[in-house]
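Asker: Chains as they are written, first to last, in our numbering: chain Z, 1 to 227; chain C, 1001 to 1227.
Positions of the beta carbon are idealized from the N, C-alpha and C atoms, including for glycine.
Since this is a predicted model, take the numbers as computed values, not measurements.
Protein chains: 2
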Amino acid sequence: MNIAILGTGVVGQTLAAALAEKGHTVTIGTRDPAETMARAAAKPPAKVSFREWQQANPGVKLATFADAVRSANVVINATSGVGAMSALEDAGADALGEKILIDASNPLDFSKGMPPTLTVCNTDSLGEQLQRAFPRVRFVKALNTITAALMVNPAAVNGGDHTLFICGNDADAKATVKRWLGEWFGWQDIVDLGDITAARGTEMYLPIWLRTWSALGSPMFNVKIVR
Amino acid sequence: MNIAILGTGVVGQTLAAALAEKGHTVTIGTRDPAETMARAAAKPPAKVSFREWQQANPGVKLATFADAVRSANVVINATSGVGAMSALEDAGADALGEKILIDASNPLDFSKGMPPTLTVCNTDSLGEQLQRAFPRVRFVKALNTITAALMVNPAAVNGGDHTLFICGNDADAKATVKRWLGEWFGWQDIVDLGDITAARGTEMYLPIWLRTWSALGSPMFNVKIVR
């Protein structure tokens, strides 16, 4: 498949490396590829600059948001929440078309110190804001409730026996994403929470996720729904 | 033990019945006991009026918030979130003293239709509001992330192997509550999320919990943290 990943941070890098390794054609989208490649410093929590990362992952291409999206079969939004809307605006509604977009972003606001707060919650969500702005795009909110290393390797904890939440307005898109996440990474227990308004739930889960990370001392955990 | 439970709804009833059965002295606190007993209709989701419930549970006493709290070793707040502050004000700071108060309430606002929103979240929480209003009370937020039947009987799903989150400012109070929840109900996996600001996390978990309930068709589930 031809996969566009928006965002050059740890989430984008992790997804891109894992999908390229599976043989997919992967292009990371960024606002200004030349600027991204010129950056010498690592952007925490990344440990190396994007340029260094790219040298270690030469199979992954870098392009503008619009160029990455245009040729893709599927788009994954791995930008920071505060950058998501402008990344999609840069990509443009025409290039995005009616594509499936897996939205892994969270509306985290780090500007007021730690722990981060959410820029939107309770009566709205980033997932809904993006869906309203790009009504033709088939958004599937997924992967935003776990750390990047676990997104692409659920088997790293409890033999992969834990739960991923998805939501979105398009049932076919959700069924397709469910299948892809199984094929790509081995996800087995995927709970469909309903339409895109359920993004309020998966985004508002971030505060308890962050506190659990602090309590356990590691982000390598997830929840398993037991019934 | 002498246990005061604030709130006459399903959560209060379920906790009271389970604790009375264990041999504890249990008093349910309410604003106006005579009015509560005079009510003929059930308050959904309760299936019977409080009067009928009380006839089936004659060991549980009913008193004003202040009378229930005054003689108690521990207080459990099982009011609705919107009723929590006034219940504690009725009980009074003197009666509450430095008691341990297990806060099982959630700031759910049903007034704008379903699903409910939160009356406070993101940069504050009900747990913090109550702690600020009653600084001497040793609040331990707990039990607010599961349905009432599961609070008192974790073994009802997955043999009891799932996670309860607690938080609060007083380490001794948390250790005591952890022990009580094990002795009373059999809770084994209790994750301490830190100080009372973590109540933001456990309260903001409600939207994903409610959507998961919808997806599964039953509230008899919980999350287990796997690592």
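1) The ligand MG and Z/Ala156: does the residue's C-beta get closer than 6 Å to at least one heavy atom of that ligand?
2) Pull the bridge partners of C/Gln1061 from the DSSP assignment, please.
3) Report the residue from C/Val1177, C/Asp1103 and C/Val1137 whose alpha carbon sits nearest the alpha carbon of C/Leu1126.
4) Cβ of Z/Ala72 within 7 Å of Cβ of Z/Ile3?
5) What distance in whole Å lies between the Cβ atoms of C/Thr1119 and C/Gly1081, which are believed to be in contact at a cut-off of 8 Å?
6) What does a CB cutoff of less than 6 Å around Z/Met204 pick up in its chain, not counting 5 residues either side in sequence?
7) Applying the 10 Å Cβ sphere with the 16-neighbour rule, what's the burial state of Z/Gln13?
8) With H, G and I counted as helix, E and B as strand and the rest as coil, what does DSSP make of Z/Asn158?
9) Which of helix, strand or coil does DSSP assign to C/Ala1004?
10) First and last residue of the beta strand (DSSP E) that includes Z/Val137?
11) Check the Cβ of C/Thr1202 against every Cβ in chain Z and list those closer than 7 Å, keeping chain order.
12) Which word fits Z/Gly232, buried or exposed, when buried means at least 16 other C-beta atoms lie within 10 angstroms of its C-beta?
13) Using the Cβ count rule (16 or more neighbours within 10 Å means buried), how would you classify Z/Gln229?
14) State the Cα-Cα distance for the pair Z/Gly186 and C/Thr1025, rounded to the nearest angstrom.
15) Can you tell me whether C/Asp1195 is helix, strand or coil according to DSSP?
16) Under 7 Å between C-beta atoms, does C/Phe1110 make it to chain Z?
17) Pull the bridge partners of C/Phe1165 from the DSSP assignment, please.
18) Have a look at Z/Leu108, Z/Ala155 and Z/Ala93 and flag the residue whose alpha-carbon is nearest the alpha-carbon of Z/Leu101.
19) So, is the C-beta of C/Asn1158 closer than 7 Å to a C-beta in chain Z?
20) Where does the unbroken beta strand (DSSP E) through C/Val1048 begin, and where does it stop?
21) Find the residues of chain C that neighbour Z/Thr123, judging by a C-beta separation of less than 7 Å, and give them in chain order.
22) Which bits of chain C does Z/His162 rub up against, with CB to CB less than 7 Å?
23) Which residues of chain Z have a Cβ atom closer than 9 Å to the Cβ of C/Ala1091, listed in chain order?
24) Taking the straight line between their C-alpha atoms, what separation do you get for C/Asn1144 and C/Trp1209?
25) Quick check: Z/Thr202 and Z/Lys112, are their CB atoms within less than 7 Å of each other?
26) Reducing DSSP to helix, strand and coil, say where Z/Cys69 ends up.
27) I need the boundaries of the alpha helix (DSSP H) containing Z/Val228, first residue and last residue.
28) Is any beta-carbon of chain C found at less than 7 Å from that of Z/Phe221?
29) Taking C-alpha atoms, which residue in C/Ala1084, C/Thr1197 and C/Met1151 lies nearest to C/Asn1222?
30) Nearest to C/Val1137 by CA position, among C/Gly1097, C/His1162 and C/Ala1038, is which residue?
31) Within the chosen definition, does the stretch 50-66 of chain Z reach the stretch 82-90 of chain Z through at least 3 CB pairs nearer than 8 Å?
32) Please decide whether Z/Ala198 counts as near chain C, where near means a Cβ-Cβ distance under 7 Å.
33) Nearest by alpha-carbon distance to Z/Ile146: which of Z/Phe134, Z/Gln131, Z/Ile166 and Z/Phe139 is it?
Answerer: According to the structure data:
1) As presented, the structure is devoid of all ligands, the ligand MG included, so that no description of it is given.
2) As a position in the second sequence, residue 1061 of chain C is number 61, starting the count at 1. The question names Gln, but residue 1061 of chain C in the sequence shown is Lys. Note: C/Lys1061 sits in a beta bridge opposite C/Thr1027.
3) Working through the second sequence from its first residue, we reach residue 1126 of chain C at position 126. Out of C/Val1177, C/Asp1103 and C/Val1137, C/Asp1103 has the C-alpha closest to the C-alpha of C/Leu1126.
4) Translated into the one-based positions of the first sequence, residue 72 of chain Z becomes position 72. Translated into the one-based positions of the first sequence, residue 3 of chain Z becomes position 3. Contact flag set, yes.
5) Counting from 1 along the second sequence, the entry for residue 1081 of chain C is found at position 81. Counting from 1 along the second sequence, the entry for residue 1119 of chain C is found at position 119. Yes, C/Gly1081 and C/Thr1119 are in contact; Cβ-Cβ is about 6 Å, under 8 Å.
6) As a position in the first sequence, residue 204 of chain Z is number 204, starting the count at 1. Excluding residues within five positions, the ones whose Cβ falls inside 6 Å are Cys121.
7) The count along the first sequence starts at 1 and reaches residue 13 of chain Z at position 13. Per the 10 Å Cβ criterion, buried.
8) Within the first sequence, residue 158 of chain Z is the residue found at index 158, counting from 1. Secondary structure of Z/Asn158 (DSSP, three-state): helix.
9) As a first step, residue 1004 of chain C is located in the second sequence; it is residue number 4 there, counting from the start. When secondary structure is reduced to three states using DSSP, C/Ala1004 falls in the strand class.
10) Stepping through the first sequence from its first residue, residue 137 of chain Z is reached at position 137. Looking at the DSSP string, Z/Val137 is not in any beta strand (DSSP E), and its letter there is neither H nor E.
11) Taking the first residue of the second sequence as 1, we reach residue 1202 of chain C at position 202. The CB of C/Thr1202 comes closer than 7 Å to the CB of Ile208 in chain Z, given here in chain order.
12) Since the first residue of chain Z shown is 1 and the last is 227, residue 232 of chain Z is not available in this structure.
13) A query on residue 229 of chain Z cannot be resolved here, the shown segment of chain Z reaching from 1 to 227 and no further.
14) Taking the first residue of the first sequence as 1, we reach residue 186 of chain Z at position 186. Taking the first residue of the second sequence as 1, we reach residue 1025 of chain C at position 25. Distance between the alpha carbons of Z/Gly186 and C/Thr1025 is about 51 Å.
15) The residue you call residue 1195 of chain C lines up with position 195 of the second sequence. Coil.
16) Numbered from its first residue, the second sequence carries residue 1110 of chain C at position 110. No, C/Phe1110 lies away from the interface with chain Z (no Cβ there is under 7 Å from its Cβ).
17) One-based indexing of the second sequence puts residue 1165 of chain C at position 165. Under DSSP, C/Phe1165 shares a beta bridge with C/Val1191.
18) For the purposes of this step, residue 101 of chain Z is taken as the residue at position 101 of the first sequence. Taking only the C-alpha atoms, the option nearest Z/Leu101 is Z/Ala93.
19) As a first step, residue 1158 of chain C is located in the second sequence; it is residue number 158 there, counting from the start. Proximity of C/Asn1158 to chain Z, defined by a Cβ-Cβ separation below 7 Å, is satisfied.
20) Here residue 1048 of chain C corresponds to residue number 48 of the second sequence, with the count starting at 1. C/Val1048: not part of any beta strand (DSSP E); DSSP gives it neither H nor E.
21) Position 123 of the first sequence, counting from 1, holds the residue named residue 123 of chain Z. Neighbours of Z/Thr123 on chain C, chain order: Thr1117.
22) As a working mapping, residue 162 of chain Z is identified with position 162 in the first sequence. Those within 7 Å of Z/His162 in chain C are Val1226.
23) Residue numbering aside, residue 1091 of chain C sits at position 91 when the second sequence is read from its first letter. The contacting residues do not exist; C/Ala1091 stays about 28 Å from chain Z at best.
24) Numbered from 1 along the second sequence, position 144 holds the residue referred to as residue 1144 of chain C. Numbered from 1 along the second sequence, position 209 holds the residue referred to as residue 1209 of chain C. Take the alpha-carbon of C/Asn1144 and the one of C/Trp1209: they are about 11 Å apart.
25) Counting from 1 along the first sequence, the entry for residue 202 of chain Z is found at position 202. Counting from 1 along the first sequence, the entry for residue 112 of chain Z is found at position 112. No.
26) For the purposes of this step, residue 69 of chain Z is identified with residue 69 of the first sequence, where counting begins at 1. Position check: residue 69 of chain Z holds Val in this sequence, whereas Cys was assumed. It is helical.
27) Residue 228 of chain Z lies beyond the range of chain Z shown here (1 to 227); nothing can be said about it.
28) Position 221 of the first sequence, counting from 1, holds the residue named residue 221 of chain Z. Judged by the 7 Å Cβ criterion, Z/Phe221 is in contact with chain C.
29) Taking the second sequence and counting its residues from 1, one reaches residue 1222 of chain C at position 222. Nearest C-alpha to C/Asn1222: C/Met1151.
30) Residue 1137 of chain C sits at position 137 when you count from the first residue of the second sequence. The shortest C-alpha separation from C/Val1137 is found at C/Gly1097.
31) At 8 Å Cβ cutoff, the stretches touch.
32) Numbered from 1 along the first sequence, position 198 holds the residue referred to as residue 198 of chain Z. True, the Cβ-Cβ gap to chain C drops below 7 Å.
33) Looking up residue 146 of chain Z in the first sequence gives position 146. For Z/Ile146, the closest alpha carbon among the candidates Z/Phe134, Z/Gln131, Z/Ile166 and Z/Phe139 is that of Z/Ile166.
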